[in-house]
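Chains as they are written, first to last, in my numbering: chain A, 12 to 295; chain B, 12 to 295.
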């Protein structure tokens, strides 16, 4: 099953990512409406042609008319929304999401919805360091990965629709992972790196260091500007996978430390050669 | 004292940094010669107008004619060169360097040279991930810091000359630090970040991760492609300062780990808020 232009697409949560979805879908000629908390977001989005129409109300007719509902909410808010309002979604509709953790929500939400409405999870690995629909742009998808995260409850139809959504949004690559694979990968590639950047910024209180920072330190800490509400939620919801990665990283830091202390030059060189080899693979 | 165009400038070690110095100085009309190990580097540099003349020999007349000698060598090779050949430098000449660590070499080299020749240390905080004179370009200095690292043995004249060299090379900022301040700053801003990037690349052996890496992981690990000979030398020569920074960073990582384990959401948020605050200062 593929997206078609007769479908009514509803976005719940019109922030940076929800807004960027809307922009990409409208460009391709889809009908897009939105429900979000802030009246000014709706006003801005309608005025700028980002959505066709929207509301801050729990508009039952609007929800009922949607064939595809895209949830762009924090994970816990998403789960609560489904628990409270899932019954308003029409039979046979498909819902998807943009949530950065999966294991803790996908099975629960599929359980809440039962057989009537199908939830196919997805994670668009794109973002900016700014927030809100006003900063939305589909340019963030251009070089990014879109990951479809099905469970054994999902149908081929829904998986195909979700993949098609990723391509229509303009992602560079669309792939598929299980919730467990997804969370483990995200724990390493995204959450651990945010932990490192935050810990590094907390390490040195000397305000003068900024006079001397070069590009490499700036690159490494760009993600240290972080939305503490979203990221504590993502961290704690993926706690076990993240702790495994934190331990694995600290083990390697500990190895380097011991090598330094004991002047184990060959050991240090081996780590650097391995690191160079692996990192070079990224540039191929 | 300032640089003047009648001075003979000799660069010892014509790699990426030595070559980039030569390019910048020649553009400003200075006379630049070079001594380096590789005949092809000299050939390339002369042919491309990067230097006026050069040799792979220990040309005593050339060394004797130099008013300013710039050493662009690994720290241990630099020290050995001065021990073996320092007597060939003429009375009253000034020498400087580009070495990334200072405490372990500056005092020793000043001691080796005695009163006859003055060594004023400097660290151009610029580089690329590629090597050799063929990759030289003065563009790397444009947004970078140049740090003059004097000791109490240095004269005002030599410090002023060295600062002037930084400006003539086209650096964005020229500052002054003591060897101890320099090494502590570099341990945190440069060496610790390289340790982190290397340890991170050694943490995960799954070759498939590269399919999912986003910009933030790529930014964070760009410096994980590392010259193992140069960096093990820089690490071990600044071992004590670096170990202090590694410990301080691992302490903060450990704090985050404990907060995660104990669901200390407020603690995690505080770290993220501090991190965001400090990192935002860089963008001002």
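Built from N, CA and C at the ideal position, the CB exists for glycine as well.
- Closer than 8 angstroms to the CB of residue 166 (chain A) there is not a single CB belonging to chain B.
- According to DSSP, residue pairing for residue 65 (chain B) in a beta bridge involves B:45.
- Between residue 173 (chain B) and residue 205 (chain B), the alpha-carbon positions lie close to 28 angstroms from each other.
- A direct Cα-Cα distance of roughly 51 angstroms separates residue 127 (chain B) from residue 293 (chain A).
- Taking 3 residues as the minimum length, the beta strand (DSSP E) runs contained wholly in the region 71-99 of chain A are 79-82, in order along the chain.
- Less than 8 angstroms separates the beta-carbon of residue 110 (chain B) from that of residue 89 (chain B).
- Shown in chain order are the members of the region 221-240 of chain A whose Cβ falls below 7 angstroms from a Cβ of chain B: 221, 222, 223, 224, 225, 227, 228, 229, 230, 231, 232, 233, 234, 235, 236, 237, 239.
- Judged by DSSP secondary structure, residue 20 (chain B) falls within the beta strand (DSSP E) whose first and last residues are 19-23.
- For residue 40 (chain B), the CB contacts under 7 angstroms within the same chain, skipping 5 residues up- and downstream, are 16 in chain order.
- Taking every protein chain shown into account, the CB of residue 295 (chain B) has fewer than 16 other CB atoms within 10 angstroms, so this residue is exposed.
- When the Cα atoms are used, residue 27 (chain B) and residue 200 (chain B) turn out to be separated by approximately 21 angstroms.
- Contact check for residue 12 (chain B) against residue 78 (chain B) fails: the beta carbons are separated by 8 angstroms or more.
- Considering only beta carbons, no part of the region 102-131 of chain A lies closer than 7 angstroms to chain B.
- Residue 185 (chain B) is bridged by DSSP to B:157.
- Collapsing the DSSP output to three states places residue 126 (chain B) in coil.
- Residue 180 (chain A) and residue 32 (chain A) have their C-alpha atoms roughly 7 angstroms apart.
- Spanning the alpha carbons of residue 22 (chain B) and residue 30 (chain B) requires a straight line of approximately 8 angstroms.
- Sixteen is the threshold: since fewer than 16 other Cβ atoms of the shown chains lie within 10 Å of the Cβ of residue 38 (chain A), the residue is exposed.
- Per DSSP, residue 287 (chain A) lies in no beta strand (DSSP E) segment; the continuous alpha helix (DSSP H) that holds it begins and ends at 276-293.
- DSSP, reduced to helix, strand and coil, places residue 53 (chain B) within a helical segment of the structure shown.
- Using a C-beta cut-off of 8 angstroms, the region 282-291 of chain A makes no contact with the region 56-65 of chain B, since fewer than three inter-stretch Cβ pairs fall below that distance.
- Under DSSP, residue 105 (chain A) forms a beta bridge with A:79, A:129.
- At a C-beta separation below 7 angstroms, residue 290 (chain A) has these neighbours in chain B: 212, 232, 235, 236.
- The C-beta of residue 272 (chain B) comes closer than 8 angstroms to at least one C-beta of chain A.
- By alpha-carbon distance to residue 137 (chain B), the top candidate from A:228, A:35, A:170 is A:228.
- Going by C-alpha positions, residue 276 (chain B) is about 19 angstroms away from residue 258 (chain A).
- For residue 135 (chain A), the number of other beta carbons within 10 angstroms of its own is at least 16, and it is reported as buried.
- Residue 204 (chain B) has a beta carbon lying within less than 8 angstroms of a beta carbon in chain A.
- Counting only runs of at least 4 residues, the region 223-272 of chain A fully encloses the following alpha helix (DSSP H) elements, listed from N- to C-terminal order: 226-232, 239-248, 250-272.
- Between the alpha carbons of residue 140 (chain A) and residue 149 (chain A) lies a distance of about 15 angstroms.
- Using a CB distance cut-off of 8 angstroms, residue 259 (chain A) counts as an interface residue toward chain B.
- Not one beta carbon of chain A lies nearer than 8 angstroms to the beta carbon of residue 90 (chain B).
- For the region 147-175 of chain A, the set of positions with a beta-carbon nearer than 8 angstroms to some beta-carbon of chain B reads 154, 155, 156, 158 in chain order.
- Within chain B, no C-beta atom comes nearer than 9 angstroms to that of residue 187 (chain A); the closest sits roughly 11 angstroms away.
- Taken atom to atom, the span from the alpha-carbon of residue 76 (chain B) to that of residue 187 (chain B) is near 29 angstroms.
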